[in-house]
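K.L.:
Protein sequences appear in the order of chains F and C.
So for the first sequence, our numbering puts the first residue at 1; every next one is plus one.
So for the second sequence, our numbering puts the first residue at 1001; every next one is plus one.
In this text, a Cβ means the ideal position worked out from N, Cα and C, and glycines have one as well.
Pasting in a structure now, in structure tokens, and then I'll have a few things to ask.
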Amino acid sequence: MPEPSKPRSAFAPWDRRELPGLFDVEESAKRVGHYKWIEIKLFEALGGWVATVPELDVKLVLGRHCYHHAWHAELWDKRLPELREMNTDRLNVAPNDELVAFVDAMREPDAPELTIEKLVGVYRVLIPRKIAAYTYHLNGTSTITDSPTIRSLNFALQDEFQDWREGEMLLQSLIETPKDVERATRRAAELEVLMLAAGGIAGRGTLGDATEDLVPPQGQGSPAEGVVA
Amino acid sequence: MKKMFPAEELARDSRFVRNRIEDQIFDPRNQALSQREMGSAKLDPNRPAAAERARALMHGIFTGEIQALEGAGRTTFDFDETQVPLALKLDMARQCWDESRHCEISVKLGDWMGSEIGEFAEQTFLYEAACADDPVLRLTGVNRALEGLAIDVFNTMKEFGELSGDPVLAFCEDWMLADEVTHVKMGSDWLRRLTEDDPERRERALEFQRTVDKLFSLGGFRGETEENPVHLARRFRELAGFSDDELEELVKVSEESKAEAEAMSAAIQQGA
């Protein structure tokens, strides 16, 4: 029988969580505010499009996914005051004008024959970017101090992966001709350019900076200088 | 995407057929039909036409669910957070999911009951009530009046399923009924919260609800006598926030609607 008074570590041997993380409270709140903003814009678009798509299966999926993203917005809205942001509207903003331009373009299609364009914007451009941003946050944040955000990120990511898969399958079933392929590709490219300018759903630095931790070899300057040379 | 999407542009595939509710109610052939001795209008499994009427009602429920989905979806998009609280938009998004699920249930039940999509005509009056400029009017017109009607219809269908020994129908209607009570309660709660300091706005919204209720009594479709195919589900409406006075008013509105429809039908017959 184990001795109850025998000291044990606060962390079980398999619990490898650590304190360090990439984001302080302020940065975390800022990102969460951007997440809330994009989730709201997305669920509004999905809800608005329901009436505009003639394909019955697409209509019903959009209705279901609309709630998923509304729920994510609610999760982020509730997290903000816990990150010392009592005015939950203040950080409910786009990270930059370029992301506003992306969202305007993504939500623009209205006509019933533009279902492919509507779905490409959401499922081939925006949701992959959301998955990337949420995964970066999940991997980078402190696994102990920021575990409430991690919990919400995991819930959101579960929906994002499932919704992405379902949206992609709808697209594959709607794309029937080479012309459709061209439509979908052109639409994705147009929107990717706008998203590139925005830098991701949390703006530039959404996925960190892949070069910032590089130590330049002795006598060769920084990687940026190397490019210029 | 434009704000305020008109009913005539609602997107459908080629199976769907649309007509106007007025044409259906005031169809001159109804006069001849009403002269036939058909007994109680209540859905009764012993009547020869019961299965056909249940299928038609189920199809009406299905198209109504599509429009309820579309209406809730438009409310998430048509108003920003300066016009309605975010929490209301979140509730509407939740309603989108519920209505989407109801569409799925209705399609499966339609199959089960032996009908096909497009077998009966669709009218867009439900969605039209969801097009008001004022979100409070949408809440009373859709969530309280139309979703209230859904409570009555689902309860009637659930009873029909029990009477006719159809456990699938009774089971599904019971689940949808639970969601509708939630939606009506949502409408009652938001109406109270949004018009707390604005009694004039509340009165306008309730007046709109009365108009929609009258329209949706469909000339005696809903009421409390054997002549009404759909009965008022008092217990569930109370759960959803309806007061006794409101329930009495609904009975009155239904009677008025029936009397008006009969008078108009008679006038059409005389003119013919």
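1) Pick out whichever of F1005(C), E1249(C), F1242(C) has its Cα sitting closest to the Cα of A111(F).
2) Alpha carbon to alpha carbon, how far is K1089(C) from L46(F)?
3) Against K1002(C), what residues of chain F qualify as contacts under a CB-to-CB distance less than 7 Å, listed in chain order?
4) Within this structure, are the beta carbons of I946(C) and S1106(C) separated by less than 7 Å?
5) Using a Cβ-Cβ distance cut-off of 7 Å, determine whether V50(F) contacts chain C.
6) Taking the alpha-carbon positions, what's the E39(F) to P178(F) distance?
7) For the stretch 69-81 of chain F, list every residue whose C-beta sits within 9 Å of some C-beta in chain C, in sequence order.
8) In whole angstroms, give me the CA-to-CA distance for N154(F) and E44(F).
9) Unbroken alpha helix (DSSP H) runs of length 4 or more, entirely within the stretch 1170-1223 of chain C: which are they?
10) Just tell me which of I116(F), A210(F), P128(F) has its CA closest to the CA of R186(F).
11) By the 10 Å Cβ neighbour count, where 16 or more other Cβ atoms means buried, how is A210(F) classified, buried or exposed?
12) So, is the C-beta of G1110(C) closer than 7 Å to a C-beta in chain F?
13) Pull up the DSSP beta-bridge partners for E1122(C), would you.
14) Check each residue of the stretch 1140-1164 of chain C: if its Cβ is closer than 7 Å to any Cβ of chain F, include it; give the result in chain order.
15) Closer than 8 Å, Cβ to any Cβ of chain C: which residues of the stretch 30-49 of chain F, in chain order?
16) Check each candidate in F23(F), G205(F), D89(F), R79(F) and name the one with the smallest Cα separation from T1082(C).
17) With a threshold of 7 Å between beta carbons, is G63(F) in contact with chain C?
18) So T301(F) and S28(F) are supposed to be a Cβ contact under 8 Å. How far apart are they, rounded?
19) Relative to chain C, which residues along the stretch 189-201 of chain F have a C-beta separation below 8 Å, given in chain order?
20) For the candidate residues G121(F), L91(F), L62(F), whose alpha-carbon lies nearest to that of D104(F)?
21) Which same chain residues, not among the five before or five after K1158(C), have their C-beta less than 8 Å away from its C-beta?
22) Pop quiz: W1320(C) and G63(F) are said to be a contact at Cβ under 8 Å. What is the actual Cβ separation, rounded to whole angstroms?
23) Please classify A1205(C): is it buried, with 16 or more other beta-carbons within 10 angstroms of its beta-carbon, or exposed?
24) Nearest to V193(F) by alpha carbon, out of F102(F), D57(F), P109(F)?
25) Taking contact to mean at least 3 C-beta pairs separated by less than 8 Å, is the stretch 49-68 of chain F in contact with the stretch 138-152 of chain F?
26) Determine the contact status of R1067(C) and L1137(C), defining contact as a CB-CB distance below 7 Å.
27) Look up V93(F) in the DSSP assignment and say whether it is helix, strand or coil.
28) Just tell me which of R1210(C), D1244(C), K1258(C) has its CA closest to the CA of N1228(C).
29) Would you say V1184(C) and A1240(C) are within 7 Å of each other, going by their C-beta atoms?
30) Taking Cβ-Cβ distances shorter than 7 Å, what residues in chain F pair up with S1100(C)?
31) Thinking C-alpha only, which one of L171(F), L91(F), M1(F), I175(F) is nearest L80(F)?
32) Nearest CA to the CA of E55(F): which residue from R1192(C), R1222(C), A1011(C), E1119(C)?
33) Could you tell me which whole beta strand (DSSP E) segments of length 3 or greater appear in the stretch 159-185 of chain F?
34) Helix, strand or coil: which one does DSSP assign to E82(F)?
35) Spell out whether any CB of chain C is found under 7 Å from the CB atom of V67(F).
36) May I ask you to list the residues that DSSP assigns as paired with V1230(C)?
P.N.:
If we stick to the structure as given:
1) Within the first sequence, residue 111(F) is the residue found at index 111, counting from 1. A111(F) has its Cα closest to that of F1005(C), out of F1005(C), E1249(C), F1242(C).
2) For the purposes of this step, residue 1089(C) is identified with residue 89 of the second sequence, where counting begins at 1. For the purposes of this step, residue 46(F) is identified with residue 46 of the first sequence, where counting begins at 1. When only Cα atoms are considered, K1089(C) and L46(F) end up about 13 Å apart.
3) Translated into positions along the second sequence, residue 1002(C) becomes position 2. Chain F residues near K1002(C): D110.
4) An answer regarding residue 946(C) cannot be provided, because it is not within the stretch 1001 to 1272 covered by chain C.
5) The sequence position of residue 50(F) within the first sequence is 50, counting from 1. Output row for V50(F): interface = yes.
6) Residue numbering aside, residue 39(F) sits at position 39 when the first sequence is read from its first letter. Residue numbering aside, residue 178(F) sits at position 178 when the first sequence is read from its first letter. Whole-angstrom Cα-Cα distance: 32 Å.
7) Along the stretch 69-81 of chain F, going in chain order, the ones with a CB nearer than 9 Å to a CB of chain C are H69, A70, W71, A73, E74, D77.
8) Looking up residue 154(F) in the first sequence gives position 154. Looking up residue 44(F) in the first sequence gives position 44. Taking the straight line joining both Cα atoms gives about 22 Å.
9) Listed in chain order, the complete alpha helix (DSSP H) runs (minimum 4 residues) inside the stretch 1170-1223 of chain C are 1199-1215.
10) By one-based count along the first sequence, residue 186(F) stands at place 186. The shortest C-alpha separation from R186(F) is found at I116(F).
11) Here residue 210(F) corresponds to residue number 210 of the first sequence, with the count starting at 1. With fewer than 16 other Cβ atoms from the protein chains shown falling within 10 Å of its own Cβ, A210(F) counts as exposed.
12) The residue you call residue 1110(C) lines up with position 110 of the second sequence. Chain F, which has no Cβ nearer than 7 Å to the Cβ of G1110(C), makes this no.
13) As a working note, residue 1122(C) is residue 122 in the second sequence. Its beta-bridge partners are R1018(C).
14) Here the close residues number zero.
15) Of all residues in the stretch 30-49 of chain F, I40, F43, E44, A45, L46, G47, G48, W49 have a Cβ within less than 8 Å of some Cβ in chain C.
16) Counting from 1 along the second sequence, the entry for residue 1082(C) is found at position 82. For T1082(C), the closest alpha carbon among the candidates F23(F), G205(F), D89(F), R79(F) is that of D89(F).
17) As a working mapping, residue 63(F) is identified with position 63 in the first sequence. Using a Cβ-Cβ cut-off of 7 Å, G63(F) counts as an interface residue toward chain C, since at least one Cβ of chain C sits closer than that to its own.
18) The requested residue 301(F) does not occur in the structure, where chain F is confined to residues 1 to 229.
19) For the stretch 189-201 of chain F, which is checked against every Cβ of chain C, not one residue is closer than 8 Å.
20) Here residue 104(F) refers to the residue found at position 104 of the first sequence. The shortest Cα separation from D104(F) among G121(F), L91(F), L62(F) belongs to G121(F).
21) Numbered from its first residue, the second sequence carries residue 1158(C) at position 158. Same-chain partners within the cutoff: L1169, A1170, E1173, D1174, L1177.
22) Residue 1320(C) is absent from the model: chain C starts at 1001 and stops at 1272.
23) Residue 1205(C) sits at position 205 when you count from the first residue of the second sequence. Taking a 10 Å sphere around the C-beta of A1205(C), we find 16 or more other C-beta atoms and assign the residue as buried.
24) Residue numbering aside, residue 193(F) sits at position 193 when the first sequence is read from its first letter. In this structure, F102(F) is the residue among F102(F), D57(F), P109(F) with its C-alpha nearest to the C-alpha of V193(F).
25) Contact fails between the stretch 49-68 of chain F and the stretch 138-152 of chain F, because fewer than three Cβ pairs, one in each stretch, are under 8 Å apart.
26) Locating residue 1067(C) in the second sequence gives position 67, where the first residue counts as 1. Locating residue 1137(C) in the second sequence gives position 137, where the first residue counts as 1. At residue 1067(C) the sequence reads Gln, which differs from the Arg that was named. No, the pair does not count as a contact, with Cβ atoms beyond the cut-off.
27) Your numbering for residue 93(F) matches position 93 in the first sequence. If DSSP states are grouped into helix, strand and coil, V93(F) belongs with coil.
28) Position 228 of the second sequence, counting from 1, holds the residue named residue 1228(C). Residue nearest to N1228(C) within the set R1210(C), D1244(C), K1258(C) is K1258(C) (criterion: CA-CA distance).
29) As a first step, residue 1184(C) is located in the second sequence; it is residue number 184 there, counting from the start. As a first step, residue 1240(C) is located in the second sequence; it is residue number 240 there, counting from the start. Yes. Within cutoff.
30) Translated into the one-based positions of the second sequence, residue 1100(C) becomes position 100. L60, G63, R64, listed in chain order.
31) Counted from its first residue, the first sequence places residue 80(F) at position 80. Nearest C-alpha to L80(F): L91(F).
32) Residue mapping note: residue 55(F) aligns to position 55 of the first sequence, counting from 1. By alpha-carbon distance to E55(F), the top candidate from R1192(C), R1222(C), A1011(C), E1119(C) is A1011(C).
33) Taking only runs of at least 3 residues, no beta strand (DSSP E) segment lies wholly in the stretch 159-185 of chain F.
34) Sequence index remark: in the first sequence, residue 82(F) carries index 82 (1-based). Here E82(F) sits in helix by DSSP.
35) Reading the first sequence from its first residue, position 67 is the one you call residue 67(F). Position check: residue 67(F) holds Tyr in this sequence, whereas Val was assumed. Yes, Y67(F) lies at the interface with chain C (some Cβ there is under 7 Å from its Cβ).
36) Counting from one through the second sequence, the residue named residue 1230(C) turns up at place 230. V1230(C) is bridged to R1222(C).
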